[in-house]
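These protein sequence lines map, in sequence, to chains A and B.
In this text, residue positions in the first sequence follow the numbering used here: the first is 511, and each later residue adds one.
In this text, residue positions in the second sequence follow the numbering used here: the first is 118, and each later residue adds one.
Ideal placement from N, C-alpha and C gives every residue a C-beta, glycine not left out.
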Amino acid sequence: MGKLKYALFTGCTAKQSTPEQMMSTMAVAEKLDIELVELTEASCCGASHLQDYDDFLSLVLNARNIAYAEKHELTMVTICNTCQLNTAMTKHRLDNSADLKKRVNEKLGEIGLEYKGTSKITHFLYAIIDDFGLDKLKEMVVTPLSQFNIAPFYGCHNIRPSELQNETHDTPENSYNPTSLDDLIIACGGMTVDYEQKNKCCGFHAELQAPKVSAILTGNAIAGAMDGNADWIVTPCPLCHLKLDTQTGHASEAIGREVSLPVLHMQQMIGLALGCPPETLGMKHHVTKVDFV
Amino acid sequence: MSTTTINTQKVNFNVFRFNADEDYLPYYEDYSMDVTSEEVVLDILNRIKWDHDGSFSYRRSCRHGICGTCAIKVNGKVTLACKESMTDMIEVFGNDLVIEPLSKKRAIKDLIIDKADFWEKHEQVTPYLDTEIDENPTAENIVTPAQADTLDEADLCIQCGACHYACPVVEISDAFMGPAAFAAAYRFEADVRDDNESRLTDVNQMGSGVWDCVKCFECADACPKEINPIEKIGKLHNMLFQSGKAESNIATRHAVGFEKSIRKNGVLDEGSLVLYSELAGVVKHVPVALKMFSKGKIVPPWGIIKSDNLDEIQKLVKSSSTAKF
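Next comes the structure, spelled out in structure tokens:
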């Protein structure tokens, strides 16, 4: 296997409210000898909200982001479930409609770009599983996480809609019984916690307009992990992370029970297992204290 | 002539049992059976009733995936019992399966639930063609294939309730209309023959309106007819903006705020987006924002790293926008 190289679409959150995710992504990529070419030209994916306002504009902007990955002739790697959803959804729609692709390319032509459909789009989680390999990762583990019960929180936009998601990676995933993140935890030497909410919604996307509903979903998720005796939660999505890490006050109030657990990004968990110093993984940026490192 | 091998394997079923007239709480009963690769979930329900316990209750009718009666949950997966193959269920979940009603809190007897909330919400969206009929037409009313395509298969809904009871918002908020009702609203809003002027606004004013969807895509995976209800909810959002019927509220400003932010920075300015969406309501976020700020999680507007080649993005926003607010 040659050196793995990807075009990295960081998304907005990794550069703003989850700096620890950016740090740990780069630390882990270095350890795994994966080259990430950052798409500094990329715009916001629209986060499923621009799509509510102006669907066509969101397609054009996402197609532009993909076109930059295509210019590098690289697979685009995302580190946010919602970026993954909106980018992969754009690719799916353009690849399946010549008319839509033509209309989008007319716009991209104005800035000298073209969407061709030549780059794959995959989340870093699946890049590690499909391309790097969990067996190889396991061999590189220097600090097995064997003393921890770790609750996987998958995040909706990496597993649903299943039909779309299963186009984007080789290892099949069933949204009702997902295994990728559990497999990653096991590869890092940890014990996985099975709980009802692991493939459910954290409530992030309705936090402003439906705060109570959103907080109940967050509370239920953390409560489920706590009842499963989890020491901490791990997630591949920075938006789920934000919700579970920073909103424990509202969540506890909404479900009438104090809930709180450290929440790690998938990259931080891998980094710990690979022996990255905790300061390179940004643990001090968590609102809910990561008290075990 | 090709032959098909029928495999048999032992499966343990943990089945939800409850009789609202007699039981204070539901309980689960175990049944172990040899299951053949030919069977669907409904065959198992029938065998539980016919071979084990005649009092076991569930709804069934057509057995052809069209009446929408037999929707239940297997290991949390919403499914039409008559359509779902046991082989697939065993492949996904293994040999220990949990059979439950669509909604445990609405159970009346075993797998039979009170679906009144579903029908009430469905009825509220005016789920029929609302139009003046010329009783003596002189020509056919032609709907072109392109016009029919705009329904996007929303007309295939069989009202089974799978998406409705898979929706986490419906589960915790009675005010939310749910994916099935919204998909039905879209089905008639998108129909060129429909003249209803108020449905779109009405739908947005019923219960908690169209904006409380959490975008989890549970409904997309649940629908046995692959209607993709969440896509229809998105289209209702688009229609509200396109028709100029979108009122200024937190949800609409939140959607529009992305465009504003992208136009300015290429990337999102998270803080400004919350401020623009909430207006004065932003004060309630201050306690959490302060905690986040102390952990280095809030970047001020002047600290945002803008996208490279921002001029390209601004040009595209200008030339490709299709909505106004």
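- For S656 of chain A, no beta strand (DSSP E) segment is defined, and its DSSP state is neither H nor E.
- Straight through space, the alpha carbons of K515 of chain A and I544 of chain A are spaced by roughly 6 angstroms.
- When CB distances to chain B are screened at a threshold of 8 angstroms, the residues of the stretch 682 to 696 of chain A falling below it are N684, S685, Y686, N687, in chain order.
- Taking C-alpha positions only, Y245 of chain B is separated from D234 of chain B by approximately 19 angstroms.
- Contact of H371 of chain B with chain A is assigned, a C-beta pair being separated by under 8 angstroms.
- By the 16-neighbour rule on beta-carbons within 10 angstroms, N258 of chain B is exposed.
- Just so you know, the alpha carbons of S527 of chain A and G619 of chain A end up roughly 34 angstroms apart.
- If you draw a 10 Å sphere on the C-beta of A265 of chain B, you find fewer than 16 other C-beta atoms in it, and that means exposed.
- Sequence-distant partners of M409 of chain B (beyond 5 residues in either direction) whose C-beta falls short of 6 angstroms from its own C-beta, in its chain, are I415.
- Look at the beta carbons and you see the stretch 279 to 296 of chain B not touching the stretch 357 to 375 of chain B: under three pairs across the two are nearer than 8 angstroms.
- Distance check between E288 of chain B and each of A:T653, A:Q777, A:C698, A:S724 places A:S724 closest, using alpha-carbon atoms only.
- Listed by position along chain A, the residues whose Cβ is nearer than 7 angstroms to that of H239 of chain B form an empty set, because the closest Cβ is around 21 angstroms away.
- Residue pairing by DSSP puts A188 of chain B in a beta bridge opposite B:L197.
- Along the length of the stretch 676 to 748 of chain A, whole alpha helix (DSSP H) runs at least 4 residues long occupy 690 to 697, 721 to 737, reported in chain order.
- Per DSSP, the beta bridge partners of L546 of chain A are A:Y516.
- When the alpha-carbon of L569 of chain A is set against those of A:I639, A:I660, A:D605, the nearest one is in A:D605.
- Between D213 of chain B and S672 of chain A, the C-beta gap is not smaller than 8 angstroms, which leaves the two residues out of contact.
- For E530 of chain A, the secondary structure class from DSSP, reduced to helix, strand or coil, is helix.
- With respect to the 8 angstroms criterion, A263 of chain B and A307 of chain B are not classified as neighbours on the basis of their beta carbons.
- Just so you know, the alpha carbons of T204 of chain B and E155 of chain B end up roughly 8 angstroms apart.
- Only residues of its own chain outside the window of five on either side were considered, and among them F135, P218, I230 have a CB closer than 6 angstroms to the CB of A224 of chain B, listed in chain order.
- In the DSSP annotation of this structure, the continuous segment of the beta strand (DSSP E) that includes E146 of chain B starts and ends at 144 to 153.
- Contact between Q719 of chain A and H371 of chain B holds, with the beta-carbon distance rounding to 7 angstroms and staying under 8 angstroms.
- One finds nothing in chain B with a Cβ atom closer than 7 angstroms to the Cβ of T600 of chain A; even the nearest lies about 13 angstroms away.
- Taken through DSSP and simplified to helix, strand or coil, L214 of chain B comes out as strand.
- For E139 of chain B, the closest of B:R164, B:E146, B:K226, B:C184 by C-alpha to C-alpha distance is B:K226.
- DSSP places R767 of chain A outside any beta strand (DSSP E), giving it a letter other than H or E.
- Pairing Q241 of chain B with M150 of chain B gives a Cβ-Cβ distance that is not under 8 angstroms.
- Closest in alpha carbon position to Y148 of chain B, among B:G211, B:V215, B:M206, B:A198, is B:V215.
- With a beta-carbon spacing of about 5 angstroms, K423 of chain B and N382 of chain B fall inside the 8 angstroms limit used to define contacts.
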